[in-house]
Amino acid sequence: MSSKWIERLFGVPKPEPLVISSYLFPLLYLVFFLIIPVLAMLAIAFTYNGSISLHWFKEIFTWNSDYMSLPSSWDLVQTVKMPGTGETLYLIEGLDFGIILNSIIVAAFVTLLASIMGTIFAFVMARYEFPGKNVFRILLFIPLLVTPFVSAYVVQQLFSEYGLVSSILHALFGFRVRIDGLAGITLAQAITYYPIVYLNAYASFINIDPSLEEQAENLGSKGFHLFRTVTFPLALPGIAAGATLVFIFSLEDLAAPIVFHSNNLAKKIISYQVFSKFLYGTGERSPLIAALAIVMLTLAIIAFLGIRKYVGLRQYAMLSKGGRWSPRVRKPRLGQALIIYLVLLPLLVFTITPQAGVVKLAFTQEQRVVTNVTDINAQIIGTIYPDFNVQLPENGVVETSKNGWFFKGEVHGHSNTLGVINGSLSGFIVGKVTIKDGKFTVEGKVLYADFQGTASKYNGTIHTQMLGPITGSGTVSAGMLNLNSSTFKATMFNIPVGKKVEITAKYVKEMLTTPDVRRYIVNSLTYSAAAVVLIVLLAITSSYATSRFKGALTPVLESIVILPMAVPGIVVAMGYFYFFHQVFPGTPLDPIDPKHFNPAYVLILAYSIRRLPFAARSVYAGLQQVHVSLEEAAMNLGASRWKTITSIILPLISLNVFGGAMLSFVYSMSETSVGITLGSLKMANAPITAYMKEIMMSAVGSVNIAAALGVLLITVQIISIVLVNIITKQKYSFIGLS
């Protein structure tokens with residue numbers, strides 16, 4: 031290659047192997063492990079009967095289908111009389127517009143709620159000085175602590191018909207409320223993601239030149255008019271950047287849909303459909319799964335392109351930084367103070383309840399006093415999940431495994447001693463399933479199933495077990511059995527007549543001593559540490575190339591380094607599934623080969639791609655603070671570029687490298703989408719999040735153990751934040767990702 035082309039591409043007048051490799055290593059790595067897998071998935075999505083076709087996209091975008099339609103009912107709030115007690119229950123689930131539109135609508139409402147909350151909190155924290163402000167600052171930090179699945183589970187329990195919110199409303203007004211389905215997902219995600227808007231909006235408000243607002247005030251503008259016409263427009267780029275990131279994260283989130291999946295509406299969004307169709311084996315190399323993933327990717331990239339310049343390496347090297355001017359800070363007036371303490375503070379306390387609930391689940395247990403056995407006649411409505419390795423026939427008979435197939439749903443029945451019984455039930459069914467023309471019947475027995483609900487002759491909620499024979503029928507959908515009607519001759523035993531809550535370290539001890547759980551922890555630590563090594567190499571080389579040289583490849587490399595922020599994790603997982611099967615069949619990298627496949631390798635690669643932007647931003651920020659003249663002086667004195675980088679540049683940016691590495695490590699530990707898809711294919715090598723998913727979907731283990739794992743992740747995050755802040759003397763903040 032001629033010197034002219036080298037200078038044009040790499041920005042150096044003569045060939046320098048170190049500079050060229052700084053460009054090519056991250057560029058080729060990202061092309062091979064991000065771009066090509068997505069293209070492989072794209073090729074499958076556009077294939078039908080062996081030829082290029084839009085068939086699958088036409089199926090997805092057909093009106094009045096499962097993917098796009100108008101709701102059969104426009105009742106946003108349903109009024110239900112609870113059997114047995116006759117109490118009024120207001121059920122809020124959301125409206126069903128089909129899988130595609132549901133996903134967009136949920137993401138839009140999450141973005142709206144998160145933007146309103148984040149902007150208000152950011153403005154108050156940036157512009158007002160009031161007693162307790164540091165308490166606000168700490169509380170605003172808490173929702174940033176990532177606890178996959180368990181925080182959404184706490185939100186679900188808070189807003190169940192017997193949860194805290196419903197119990198308060200029942201005591202005050204005599205009715206109950208349950209938020210479930212799409213509405214539950216929206217609420218859980220908004221609470222999780224609003225700090226992303228807060229961080230970006232806060233940085234924008236702090237960095238506004240006070241003289242601009244002062245000039246507007248001199249011209250007569252004040253109050254809300256000043257905010258609307260001057261302050262808000264100046265902060266809008268940062269707010270828009272945070273809001274768009276929230277939209278993308280909501281679109282790709284899997285944790286909340288999995289937690290709420292017992293409600294059929296919660297299953298009707300893109301991320302859950304891709305996940306469930308993949309997990310329950312609707313076909314190897316399924317073009318429909320690939321097409322759905324491409325639709326999600328397209329929506330995310332469209333949103334990302336709108337804020338590309340605000341989340342690049344240059345503009346937002348750190349989400350929180352000091353302003354160039356002294357910010358306009360004032361004491362609130364009486365009315366403003368009342369709003370801060372009586373409205374915003376309770377709202378802020380509410381947003382930390384998921385993390386508080388995680389800690390409570392991890393460190394408390396309920397001791398129950400029980401009474402005798404009773405028999406009931408009941409009906410179960412819900413979903414039966416065949417084992418992972420079971421392919422349901424179109425027509426025929428299939429036996430469950432000896433341990434049974436997991437089911438989850440609702441139970442309604444009657445007992446002479448307890449009266450009318452209603453509640454949720456999860457457990458295992460053993461028996462025979464007969465399938466014909468998309469419908470099925472089941473005959474068998476329910477093993478020890480977990481029941482939680484009420485009885486008309488019992489004061490309070492009941493949490494106990496049931497077992498007994500069952501016959502039922504329903505429909506087959508996406509590899510699952512939807513049980514629509516059944517006859518359940520149940521025996522209920524260990525009926526609680528009282529309970530007391532005790533503080534315990536039992537679940538933390540169990541987490542640390544149970545070999546299987548300990549293995550998942552070690553797996554996550556190992557994979558995350560290995561990924562960080564790759565991430566640091568990629569971040570240093572890419573940031574050095576883009577900050578020091580102005581070749582034609584510089585904007586290309588900068589864009590591709592930030593691109594993983596726009597690619598949903600489930601898309602990366604599907605791309606890897608197709609790509610590695612095609613390129614490395616029959617090897618430990620082949621996800622379809624159960625004998626040889628080891629998810630460790632693909633998870634490390636996926637983590638290194640997904641979490642690269644955080645380290646790259648940090649390293650780039652450090653390089654921007656090291657003047658290029660230091661390098662030039664060293665090289666003029668005879669030092670090689672390698673010697674200059676290792677002796678001068680790396681020591682000066684070592685704290686930035688450390689900060690970025692810690693960010694990437696923490697987010698790799700809590701990475702959800704890739705971990706629960708590819709990781710679940712071989713549980714012996716799965717990460718923490720895959721096991722937490724198993725608990726939420728299949729009643730494997732205890733929710734308390736999942737909470738203990740959540741506390742472990744919180745602890746890792748807090749330690750990392752403290753270390754980064756102390757060592758780098760810079761304020762880093764983490765944002766929750768799925």
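Numbering (our numbering), first residue to last: 31 to 768.
From the three backbone atoms N, C-alpha and C, an ideal C-beta is built for every residue, glycine too.
Asked: Assigned secondary structure, Y697 (DSSP; H/G/I helix, E/B strand, else coil); Found: helix
Asked: Contiguous beta strand (DSSP E) assignments of at least 3 residues, all confined to the region 370–423; Found: 394–401 and 404–415
Asked: C-beta contact flag for A182 and F290 at 9 Å; Found: yes
Asked: Residue span of the beta strand (DSSP E) that contains F166, given as start and end; Found: Element bounds for F166: not the beta strand (DSSP E) but the alpha helix (DSSP H), K163 to F171.
Asked: Buried versus exposed, by CB contacts within 10 Å (16 or more), P624; Found: exposed
Asked: Of the residues S573, V388 and P594, the one placed nearest P12, counting alpha carbons only; Found: Because the chain spans 31 through 768 in this model, residue 12 falls outside it and cannot be assessed.
Asked: Rounded distance between the beta-carbons of N433 and H442, thought under 8 Å; Found: The Cβ separation is near 26 Å, so there is no contact.
Asked: Alpha carbon of M155 to alpha carbon of A231, nearest angstrom; Found: 10 Å
Asked: Alpha-carbon to alpha-carbon, Y550 and L542; Found: 10 Å
Asked: 4-residue-minimum alpha helix (DSSP H) runs that sit fully inside the region 198–241, ordered along the chain; Found: 211–236
Asked: Cβ-based burial, W435 [other Cβ within 10 Å; buried from 16]; Found: buried
Asked: Proximal residues to L309 (C-beta, below 8 Å), its chain only, five neighbours per side dropped; Found: F418, T707 and S710
Asked: Assigned exposure category for P643 - 16 Cβ within 10 Å defines buried; Found: buried
Asked: I90, DSSP secondary structure in three states; Found: helix
Asked: Pair within 9 Å by beta-carbon distance, L513 and S486; Found: no
Asked: Identity of the residues DSSP links to K466 by a beta bridge; Found: K469
Asked: C-alpha distance - F63 paired with P287, whole-angstrom precision; Found: 27 Å
Asked: Outcome for L386 when other beta-carbon atoms lying within 10 angstroms are tallied against a minimum of 16; Found: Residue 386 is actually Ala in this sequence, not Leu. The residue in question, A386, is exposed, as its Cβ has fewer than 16 Cβ neighbours within 10 Å.
Asked: Nonlocal neighbours in the same chain, by C-beta distance under 7 Å from R358, ignoring five residues either side; Found: R157, P240 and E243
Asked: Reference V562, options N686, R641, N294 and G668, closest by Cα; Found: R641
Asked: Runs of alpha helix (DSSP H) lying entirely within the region 637–717, each at least 4 residues, in chain order; Found: 642–655, 658–666, 671–674, 680–699 and 703–707
Asked: Selection from V746, K469, W672 and I370 that minimises the alpha carbon distance to A161; Found: Note that residue 161 is Pro in the sequence shown, not Ala. Answer by Cα proximity: I370.
Asked: Cβ neighbour criterion (16 or more within 10 Å) applied to D546; Found: exposed
Asked: Nonlocal neighbours in the same chain, by C-beta distance under 6 Å from V613, ignoring five residues either side; Found: none
Asked: Three-state secondary structure (DSSP) of V450; Found: strand
Asked: Closest by C-alpha distance to K34, when choosing among S698, I751 and A582; Found: A582
Asked: Same chain, Cβ closer than 7 Å to Q495, neighbours up to 5 away in sequence not counted; Found: Y478, A479, D480, F481, F523 and N524
Asked: For S280, the nearest candidate out of E424, I226 and T505 (CA to CA); Found: I226
Asked: Meets three-Cβ-pair contact criterion under 8 Å: the region 712–722 and the region 647–659; Found: no
Asked: 8 Å contact criterion, which S750 and T719 should meet: CB distance rounded; Found: Not really, about 17 Å apart at Cβ, beyond 8 Å.
Asked: As assigned by DSSP and simplified to three states, the class of L271; Found: Looking at the sequence itself, residue 271 is Ala, so the reference to Leu does not match. Here A271 sits in helix by DSSP.
Asked: Reference S698; option with closest CA among L229, T149, I683 and P717; Found: P717
Asked: Through-space distance from N755 to T771, alpha-carbon basis; Found: Since the displayed the chain opens at 31 and closes at 768, residue 771 lies outside it and no answer follows.
Asked: Rounded straight-line distance, which links the Cα of K580 to that of A596; Found: 25 Å
Asked: Exposure of G705, with buried meaning 16 or more beta-carbon neighbours within 10 Å; Found: buried
Asked: At least 3 beta-carbon pairs within less than 8 Å: the region 197–206 vs the region 117–129; Found: yes
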